[in-house]
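**Student:** Sharing a structure below in structure tokens format, with a few things to ask.
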């Protein structure tokens, strides 16, 4: 006969294992490796930022980062929850607090940390997730920073994951000019009044200038009071403060309670471009793909083409919105009026409004553009919800 003590011990064991059944970063080397588990931030935000705990800012290795030199973002852990969207952000605070200011240097839209449906693997030591390439922007000030990796999972409970790492930046500038133009880090699902929506690869309201697209179900839906979409002039100035102190989340700006528009994710650099460099305030789609280190499926390819030069041709037919502002955009675009608006160009193409134009982009395989959103062509979302109810999220199943 099973005793009450047995069930109590079993439950405690499951809860303990669930704390290590998600994902954590291995590169850059994080702070507090000995005490870092793979669980998300607490739902009330009490351990924001960086999963506050004893030894949270212990340094086992300083990560030396030269501006403009490609770096690797790598993970361990197989409970990847259908992927989702990630950001890399920095603060010049060596031991960040809730009032620290975080600035986004790189955003990954979908497929992060793994594009596999459900979970890639059940092991907390699983090491075959794809790796992602990122670069510290030119002009960033030299010195010591804290870098944060944040993740908003696609499937399962609405959560925010956050690991932090010590970095030293070299080869940069002696001023904060570039740093101050970067957008603020997106914060949600930790009691700040903003929540993401299950089943979507979140397009961040202000993803910044350097963006990778690896998802197949891009969406802009948010619930509550969230970060404002980027201003049409580019990253940084249109964002609200990223410091989080819990409660209403009023310092994140306001958004529609059912859906928040996202920042422009325009065009794509021409083939062979991987530097992510560009001029002006527009977004650059980084073309360097992830490196798959195991036998899990690679995320979809990143878009190609340039947001500044564009390619010739006419946009696809279909319902569009917005009107011309009297200026000319790339040939592969249509005029629009609302920055961040997702516009369907027929069922197979879409664009996101930026600087008065939406550049035509193909929908990922298995998706279509309908009524201003990217949707699965089948009942995949309902299937994922069924799996969630059947298996249960909290024990690393979904």
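Residue numbers (mature numbering (1 follows the signal peptide of the UniProt record, and there is no 0)): -21 to -1, 1 to 377. All residues carry an ideal CB built from backbone N, CA and C; glycine is no exception.
1) For residue 8, does the three-state DSSP call read helix, strand or coil?
2) Ends of the alpha helix (DSSP H) at residue 157?
3) Exposed or buried, what is residue 138 when buried is set at 16 or more other beta-carbons lying within 10 Å of its beta-carbon?
4) In this structure, does DSSP put residue 113 in helix, strand or coil?
5) Grab me the residues of residue 169's own chain with a C-beta within less than 6 angstroms of its C-beta, minus the 5 sequence neighbours each way, in chain order.
6) Could you check what DSSP says for residue 120 in three-state terms: helix, strand or coil?
7) Looking only at its chain, what residues have a beta carbon closer than 8 angstroms to the beta carbon of residue 22, apart from the 5 residues adjacent to it on each side?
8) What do you reckon, are the CB atoms on residue 58 and residue 98 nearer than 7 angstroms?
9) Going by the CB atoms, is the gap between residue 161 and residue 82 shorter than 7 angstroms?
10) Considering residue 136, what are the terminal residues of the beta strand (DSSP E) in which it resides?
11) Quick check on residue 73: buried or exposed, where buried means 16 or more other Cβ atoms within 10 Å of its Cβ?
12) Using only alpha-carbon positions, find the residue among 56, 49, 207 that is nearest to residue 107.
13) Is the stretch 118 to 130 close to the stretch 151 to 158, with three or more CB pairs under 8 angstroms?
14) The beta strand (DSSP E) that contains residue 352, what's its start and end?
15) Do residue 4 and residue 142 count as a contact pair if the criterion is CB distance below 7 angstroms?
16) Note down the Cα distance separating residue 196 from residue 324, rounded to an integer number of angstroms.
17) On the DSSP bridge assignment, give the partners of residue 143 in chain order.
18) Going by DSSP in three states, residue 180 sits in which element: helix, strand or coil?
19) Taking all protein chains shown into account, do 16 or more other C-beta atoms lie within 10 angstroms of the C-beta of residue 174, making it buried, or fewer, making it exposed?
20) Could you check if residue 177 is buried or exposed, using at least 16 other CB atoms within 10 Å of its CB as the buried criterion?
21) With a CB to CB cut of under 7 angstroms and the five nearest residues on each side skipped, what residues in its chain are close to residue 158?
22) Quick one: Cα of residue 206 to Cα of residue 84, how far?
23) On the DSSP bridge list, what partners appear for residue 328?
24) Under 8 angstroms by Cβ, that's how I've got residue 51 and residue 86 pegged, so tell me the actual separation to the nearest angstrom.
25) Measuring straight from C-alpha to C-alpha, what distance separates residue 203 and residue 172?
26) Taking 7 angstroms as the threshold (C-beta atoms), are residue 194 and residue 88 in contact?
27) If we ignore side chains and look at the alpha-carbon of each, how far apart do residue 146 and residue 126 end up?
28) Skipping 5 residues on each side, what residues in its chain have a beta carbon closer than 7 angstroms to that of residue 329?
29) Between the alpha carbons of residue 179 and residue 61, how many angstroms are there, rounded?
30) May I ask you to report which of helix, strand or coil DSSP gives residue 31?
**Tutor:** With the structure as the only source:
1) Three-state DSSP puts residue 8 in coil, outside helix and strand.
2) Run containing residue 157: 156 to 160, per the alpha helix (DSSP H) assignment.
3) In this structure residue 138 is buried. Its beta-carbon is surrounded by 16 or more other beta-carbon atoms within 10 angstroms.
4) In this structure, residue 113 counts as strand in the three-state DSSP scheme.
5) Only 20, 24, 27, 139 meet the Cβ criterion.
6) Residue 120 falls in the strand class under three-state DSSP.
7) 138, 168, 169, 170, listed in sequence order.
8) Yes, these two residues count as a Cβ contact at 7 angstroms.
9) Yes; because the gap between Cβ atoms is below 7 angstroms, this pair is in contact.
10) From DSSP, residue 136 is part of no beta strand (DSSP E); its letter is neither H nor E.
11) The residue in question, residue 73, is exposed, as its Cβ has fewer than 16 Cβ neighbours within 10 Å.
12) Nearest of 56, 49, 207 to residue 107, Cα basis: 56.
13) The stretch 118 to 130, when compared against the stretch 151 to 158, does touch it at the 8 angstroms Cβ threshold.
14) Residue 352 -> beta strand (DSSP E) spans 352 to 355.
15) Going by C-beta atoms, residue 142 is nearer than 7 angstroms to residue 4.
16) Straight-line Cα distance between these residues: approximately 17 angstroms.
17) In the DSSP assignment, residue 143 is bridged to 127.
18) Under the three-state reduction of DSSP output, residue 180 falls in the strand class.
19) With at least 16 other beta carbons inside 10 angstroms of its own, residue 174 counts as buried.
20) Buried is the call here.
21) Residues of the same chain with a CB within less than 7 angstroms of the CB of residue 158, apart from the 5 flanking positions on each side, are 82, 119, 120 in chain order.
22) Rounded to the nearest whole angstrom, the CA to CA distance from residue 206 to residue 84 is 17 angstroms.
23) Under DSSP, the beta-bridge partners assigned to residue 328 are 341.
24) A Cβ-Cβ distance of about 17 angstroms is found for the pair residue 51 and residue 86, leaving them out of contact under the 8 angstroms criterion.
25) Spanning the two alpha carbons is a distance of roughly 6 angstroms.
26) Yes, Cβ-Cβ distance for residue 88 and residue 194 is below 7 angstroms.
27) Rounded to whole angstroms, residue 146 to residue 126 spans 7 angstroms at the Cα level.
28) By the criterion of a C-beta distance shorter than 7 angstroms, residue 329 is surrounded in its chain by 321, 322, 323, 340, 342, 348, 353, once the five residues flanking it on both sides are discounted.
29) Between the C-alpha atoms of residue 179 and residue 61 there is a straight-line separation of about 10 angstroms.
30) DSSP, reduced to helix, strand and coil, places residue 31 outside both helices and strands of the structure shown, so it counts as coil.
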